[in-house]
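The structure appears right after this line, and notes come after that.
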């Protein structure tokens with residue numbers, strides 16, 4: 009199991025883990041205890057700035073040195089030179105295969121998603137691989153005793169940073185101020201908001217595999233827009 013470590017020169021607070029283990033089919037994890045507090049007036053500014061600095065850390069390719077997990081699901085991180093290839097082969101295909109094996113998606117529905125793949129080859133703007141938390145939703149950060157953000161439970165890898173920004177928008181819980189500061193520190197490519205739905209196909213497929221077919225409707229809306 010891989011956890012996001014505090015990167016040098018990036019003052020982003022991260023929980024340290026003491027141990028993890030697996031007993032039969034269940035996992036447990038012991039984390040460093042963090043006293044929680046009230047958010048400071050600079051909370052969202054600090055969050056946006058430090059997230060941008062985290063994303064400045066790069067690698068030669070997209071992926072990670074080992075596979076890990078997103079929630080309870082295995083997450084593949086084989087290295088790829090191109091983001092579109094990584095996104096298709098290490099993110100979408102494994103989740104489609106899992107959903108089909110569990111009878112959560114039909115053969116026709118899997119093929120509907122796969123029809124989008126050729127368009128993805130030229131869809132994403134060129135970006136260097138960025139160090140991502142990988143599972144950054146509102147339940148995976150808290151306010152520390154000093155009023156600053158603390159992150160935990162990552163699904164870390166080097167990916168396209170718009171994937172992180174997209175997931176943060178999927179379920180909400182983040183102030184728009186965070187994104188304003190992030191953009192000032194590490195400007196996003198124009199029209200990034202128009203690409204959020206495509207990036208979010210992965211977390212939606214993850215949630216479909218974890219929680220059922222109710223997430224298919226959101227996936228289908230994206231397919232109607234980008235692969236009619």
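Residue numbers (this note's numbering): 9 to 236.
Glycine included, every Cβ here is placed at the ideal spot set by N, Cα and C.
message = So the candidates are 46, 210, 193; which of them puts its Cα closest to the Cα of residue 53?
response = If you number the chain shown from 1, residue 53 lands on position 45. If we check each option's Cα against that of residue 53, 193 comes out closest.
inquiry  = Taking the straight line between their C-alpha atoms, what separation do you get for residue 184 and residue 216?
reply    = To locate residue 184, count along the chain shown from 1; it is residue 176. To locate residue 216, count along the chain shown from 1; it is residue 208. Using only the alpha carbons, I get a separation of about 27 Å.
query = Does the Cβ-Cβ distance between residue 175 and residue 144 come in under 8 Å?
reply = Start at 1 with the first residue of the chain shown, and residue 175 comes out as number 167. Start at 1 with the first residue of the chain shown, and residue 144 comes out as number 136. Contact flag set, yes.
task = Evaluate residue 46 with the Cβ neighbour count: other Cβ atoms within 10 Å of its Cβ, from every protein chain shown; 16 or more gives buried, anything less gives exposed.
result = Start at 1 with the first residue of the chain shown, and residue 46 comes out as number 38. Flag for residue 46 reads exposed.
ask   = Alpha carbon to alpha carbon, what distance is there between residue 150 and residue 88?
value = As a first step, residue 88 is located in the chain shown; it is residue number 80 there, counting from the start. As a first step, residue 150 is located in the chain shown; it is residue number 142 there, counting from the start. Distance between the alpha carbons of residue 88 and residue 150: 33 Å.
Where residue 76 sits in the DSSP three-state scheme = Along the chain shown, read from residue 1 onward, the residue named residue 76 stands at position 68. In the three-state reduction of the DSSP assignment, residue 76 falls in the strand class, which pools E and B.
query = In its own chain, which residues sit with a C-beta less than 7 Å from the C-beta of residue 163, not counting the 5 before and 5 after it?
reply = Taking the chain shown and counting its residues from 1, the one referred to as residue 163 is at position 155. So the list reads 76, 77, 78, 83, 142, 143, once near-sequence residues are dropped.
task = Quick one: grab the DSSP three-state call for residue 225.
result = If you number the chain shown from 1, residue 225 lands on position 217. Of the three classes helix, strand and coil, the one that applies to residue 225 here is helix, per DSSP.
inquiry  = Can you give me the C-alpha to C-alpha distance between residue 138 and residue 227, rounded to a whole angstrom?
reply    = Taking the chain shown and counting its residues from 1, the one referred to as residue 138 is at position 130. Taking the chain shown and counting its residues from 1, the one referred to as residue 227 is at position 219. If you take the alpha carbons of residue 138 and residue 227, they lie about 25 Å apart.
request  = Measure the C-alpha to C-alpha separation of residue 201 and residue 48 and round it to an integer number of angstroms.
outcome  = Here the question's residue 201 lines up with position 193 in the chain shown. Here the question's residue 48 lines up with position 40 in the chain shown. About 28 Å.
task = Let me know the secondary structure DSSP gives residue 19 once reduced to three states.
result = To locate residue 19, count along the chain shown from 1; it is residue 11. In this prediction, residue 19 scores a pLDDT of 49, lower than 50, which makes its location untrustworthy; the coordinate-derived value is nonetheless stated afterwards. Coil.
task = Have a look at residue 26 and residue 41 and give me their C-alpha separation to the nearest angstrom.
result = Residue mapping note: residue 26 aligns to position 18 of the chain shown, counting from 1. Residue mapping note: residue 41 aligns to position 33 of the chain shown, counting from 1. Residue placement at residue 26 cannot be trusted, given a pLDDT of 48 that sits under 50; the coordinates are not used to answer.
key: Environment of residue 63 [buried if 16+ CB atoms lie within 10 Å]   = On the chain shown, residue 63 is found 55 positions in, with the first residue counted as 1. Buried is the call here.
message = Is it buried or exposed, residue 168, if we count other Cβ atoms within 10 angstroms and call 16 or more buried?
response = As a first step, residue 168 must be located in the chain shown, where it is residue number 160. Label assigned to residue 168: buried.
query = Straight-line CA distance for residue 147 to residue 124?
reply = The sequence position of residue 147 within the chain shown is 139, counting from 1. The sequence position of residue 124 within the chain shown is 116, counting from 1. Their backbone Cα atoms lie some 30 Å apart in a straight line.
ask   = Got a sec, what are the start and stop residues for the alpha helix (DSSP H) residue 189 sits in?
value = The residue labelled residue 189 in the question sits at position 181 within the chain shown. Run containing residue 189: 184–193, per the alpha helix (DSSP H) assignment.
task = Pick out the complete alpha helix (DSSP H) segments inside the segment 67–140, 4 residues or longer, and give them in chain order.
result = 91–94, 101–109, 115–122, 125–128
request  = Look up residue 151 in the DSSP assignment and give the residues it is bridged to.
outcome  = Residue mapping note: residue 151 aligns to position 143 of the chain shown, counting from 1. Note: residue 151 sits in a beta bridge opposite 157.
When 204, 98, 106 are compared against residue 233, the one with the closest alpha-carbon = In the chain shown, the residue the question calls residue 233 occupies position 225. The option with the nearest alpha carbon to residue 233 is 204.
message = How far does the alpha helix (DSSP H) with residue 219 in it extend, from its first residue to its last?
response = Here residue 219 is taken as the residue at index 211 of the chain shown, counted from 1. Unbroken alpha helix (DSSP H) run through residue 219: 209–219.
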